[in-house]
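Student: Numbering (the UniProt record's numbering), first residue to last: 1 to 534.
All C-beta atoms, glycine included, are put in the ideal place defined by N, C-alpha and C.
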């Protein structure tokens with residue numbers, strides 16, 4: 001069965017005469033054969049002209065006889081009533097509709113398509129495909145498949161509606177048939193049908209909708225940019241200024257307005273069919289982007305003068321480095337990533353060390369160019385990080401999935417941490433003065449947001465638990481206290497009381513003024529990421 005039937009003749013005649021390219025004609029005729037769209041432009045044009053002459057013999061219209069099953073079901077049906085008001089609006093006056101005009105159609109020169117603005121013409125050719133592939137290859141990404149995306153000018157949607165309206169009215173007037181917008185093959189879909197096989201062949205990898213490597217093309221057509229502006233007058237609620245948007249006329253906003261606008265209002269503001277453009281679309285950008293890669297591990301911090309993240313106040317850097325930077329700068333270099341996001345299971349203050357097995361952390365590497373690493377390469381990368389600084393060390397470095405990182409944040413309130421605090425007292429103490437602390441279990445604290453963090457965290461009263469304590473006498477004014485606490489406990493404030501904002505506290509328990517001189521994190525009790533053999 002040929003892909004075009006006699007019922008399609010009025011639409012083919014209408015669209016071809018209005019300056020529509022063969023592939024857009026196939027879209028409006030609801031042709032779902034992917035192979036057909038891939039035929040050369042000139043062959044499709046020749047066969048459409050033969051089709052209009054009524055010569056549908058196989059040898060003359062080979063392109064139109066492809067019998068692939070359609071991807072979309074036809075939704076044609078007779079309508080009982082539809083007002084034929086297009087002629088009253090002076091529409092279609094420039095479009096040849098009758099067979100007597102076939103000679104004019106045959107003599108049409110190749111011009112920029114009035115619907116796709118050249119996207120299904122010039123930008124389906126092998127030269128443009130090679131241009132895309134040159135961009136991909138020069139970017140030097142590692143990938144095994146790709147997903148192709150395309151951004152179209154917003155005004156294309158307006159032009160499609162214009163041609164949909166005239167197609168709908170011609171079908172009703174000539175054949176008594178109706179047409180649904182859902183029947184028309186989407187431009188993006190048709191474009192990908194054509195471009196995917198060519199890209200796959202040139203790149204040597206398959207197109208896969210689930211691939212993390214994206215190749216995208218952004219099209220623009222400055223000549224017709226203002227064609228959608230009338231929608232802001234008719235549907236002002238669809239066009240609201242948004243942050244980081246250069247224009248309110250986004251594709252989504254235009255589509256939303258086109259769904260709301262009444263047909264008669266559309267016809268008052270936009271010609272049917274629209275005028276033929278003089279210029280092709282331009283490919284503003286050809287971009288590549290790899291999905292994020294995630295690296296996890298545990299870090300030890302041995303310095304009391306190193307923040308976890310960059311310490312910057314009012315634009316001024318206070319310390320030259322941070323845990324985050326000492327780890328991530330090496331990951332960035334090896335993965336050739338654009339940027340990173342660092343996260344961890346809690347954080348320590350700048351003057352607090354993290355000992356024992358370390359603190360779990362994860363780094364999201366954004367748009368990495370290199371993604372394939374062996375276990376041995378990751379091990380060498382870990383060693384490189386450890387050799388670069390005596391302030392930190394990492395262990396159990398490994399690649400993980402995005403979903404696995406969620407385990408690091410699971411049970412934030414339930415997990416425990418172990419600390420070692422060096423404490424000073426104003427009054428002299430003996431061993432017997434602090435021995436009772438060892439017997440206190442599950443001590444409940446009421447902690448108001450500490451004064452030192454109140455500038456960045458909301459005022460709140462939090463209940464926290466000290467599970468166990470173990471004291472170690474040093475001298476008359478000093479002792480060491482090891483604590484196992486609920487995660488999120490402010491240990492410094494538990495020691496000195498924070499002007500009574502933490503109750504009870506070590507000072508109130510000892511009936512002395514106390515302060516903390518040193519604090520170490522000895523363990524973060526979470527079984528993630530999995531421990532690796534050295």
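Please work out which residues of its chain come closer than 6 angstroms, Cβ to Cβ, to residue 221, disregarding the five sequence neighbours upstream and downstream, and give them in chain order.
Tutor: Here residue 221 is taken as the residue at index 221 of the chain shown, counted from 1. Closer than 6 angstroms at the Cβ level, and outside the excluded window around residue 221, lie 117, 153, 281.
Student: For a test of the three-state rule: what should DSSP assign to residue 365, helix, strand or coil?
Tutor: Along the chain shown, one-based indexing puts residue 365 at 365. Correct three-state label for residue 365: strand.
Student: Ignoring anything shorter than 3 residues, give me the beta strand (DSSP E) runs that lie fully in the segment 468-523, in order along the chain.
Tutor: Whole beta strand (DSSP E) segments, 3+ residues: 478-486.
Student: Of the residues 488, 475, 466, which one's Cα is nearest the Cα of residue 482?
Tutor: Taking the chain shown and counting its residues from 1, the one referred to as residue 482 is at position 482. That would be 466, whose Cα lies nearest to the Cα of residue 482.
Student: Enumerate in chain order the residues of its own chain whose CB-to-CB distance from residue 98 is below 6 angstroms, with the five nearest sequence positions on each side excluded.
Tutor: One-based indexing of the chain shown puts residue 98 at position 98. In this prediction, residue 98 has a pLDDT of 46, which is less than 50 and means its spatial position is unreliable; what the coordinates show is noted afterwards. The answer is none, since no qualifying residue turns up.
Student: So who's on the other strand from residue 299, going by DSSP bridges?
Tutor: Indexing the chain shown from 1 puts residue 299 at position 299. DSSP, once it has assigned bridges, lists 359, 394 as partnering residue 299.
Student: Using CA atoms only, rank isn't needed, just tell me which of 494, 144, 341, 114 is closest to residue 204.
Tutor: Sequence index remark: in the chain shown, residue 204 carries index 204 (1-based). Considering only alpha carbons, the answer is 144.
Student: Since residue 147 sits in a beta bridge, which residues does DSSP pair it with?
Tutor: In the chain shown, counting from the first residue as 1, residue 147 sits at position 147. Residue 147 pairs with 214.
Student: Have a look at residue 433 and residue 301 and give me their C-alpha separation to the nearest angstrom.
Tutor: Working through the chain shown from its first residue, we reach residue 433 at position 433. Working through the chain shown from its first residue, we reach residue 301 at position 301. Straight-line Cα distance between these residues: approximately 33 angstroms.
Student: Rounded to the nearest angstrom, what separates residue 320 and residue 417 at their Cα positions?
Tutor: In the chain shown, counting from the first residue as 1, residue 320 sits at position 320. In the chain shown, counting from the first residue as 1, residue 417 sits at position 417. The alpha-carbon atoms of residue 320 and residue 417 are separated by roughly 28 angstroms.
Student: When we look at the beta-carbon of residue 529 and count the other beta-carbons within 10 Å, is it buried (16 or more) or exposed?
Tutor: For the purposes of this step, residue 529 is taken as residue 529 along the chain shown, with counting starting at 1. By the 10 Å Cβ count, residue 529 comes out buried.
Student: Work out the CA separation of residue 290 and residue 518 for me, nearest whole Å.
Tutor: Here residue 518 corresponds to residue number 518 of the chain shown, with the count starting at 1. Here residue 290 corresponds to residue number 290 of the chain shown, with the count starting at 1. So the alpha carbons of these two residues sit roughly 44 angstroms apart.
Student: Around the C-beta of residue 339, are 16 or more other C-beta atoms found within 10 angstroms, so that it is buried, or is it exposed?
Tutor: As a first step, residue 339 is located in the chain shown; it is residue number 339 there, counting from the start. Exposed, because fewer than 16 other Cβ atoms sit within 10 Å of the Cβ of residue 339.
Student: Hey, quick one: how far does the alpha helix (DSSP H) through residue 137 stretch, first residue to last?
Tutor: Taking the first residue of the chain shown as position 1, residue 137 is located at position 137. That run of the alpha helix (DSSP H) goes 126-139.
Student: Since residue 489 and residue 464 should fall inside the 8 angstroms C-beta cutoff, what is the C-beta to C-beta distance between them, to a whole number of angstroms?
Tutor: As a working note, residue 489 is residue 489 in the chain shown. As a working note, residue 464 is residue 464 in the chain shown. Right, the Cβ-Cβ distance comes to about 4 angstroms (below 8 angstroms), so this counts as a contact.
Student: Per DSSP, what kind of secondary structure is residue 317 in: helix, strand or coil?
Tutor: The residue given as residue 317 occupies position 317 in the chain shown. Strand at residue 317.
Student: Beta carbon of residue 421, beta carbon of residue 288: below 7 angstroms?
Tutor: Counting from 1 along the chain shown, the entry for residue 421 is found at position 421. Counting from 1 along the chain shown, the entry for residue 288 is found at position 288. No, Cβ-Cβ distance for residue 421 and residue 288 is not below 7 angstroms.
Student: So, with DSSP's three-state summary, where would you put residue 335?
Tutor: As a working note, residue 335 is residue 335 in the chain shown. If DSSP states are grouped into helix, strand and coil, residue 335 belongs with the helices.
Student: Since residue 306 contacts residue 520 with CB under 8 angstroms, what's their CB separation in whole angstroms?
Tutor: As a working note, residue 306 is residue 306 in the chain shown. As a working note, residue 520 is residue 520 in the chain shown. Residue 306 to residue 520, Cβ: 14 angstroms. No contact.
Student: If you draw a straight line from the alpha carbon of residue 160 to that of residue 185, how long is it in whole angstroms?
Tutor: Stepping through the chain shown from its first residue, residue 160 is reached at position 160. Stepping through the chain shown from its first residue, residue 185 is reached at position 185. Distance between the alpha carbons of residue 160 and residue 185 is about 11 angstroms.
Student: Straight-line CA distance for residue 510 to residue 334?
Tutor: Numbered from its first residue, the chain shown carries residue 510 at position 510. Numbered from its first residue, the chain shown carries residue 334 at position 334. If you take the alpha carbons of residue 510 and residue 334, they lie about 53 angstroms apart.
Student: Are three or more beta carbon pairs between the segment 290-299 and the segment 255-266 nearer than 8 angstroms?
Tutor: Verdict: no, contact absent.
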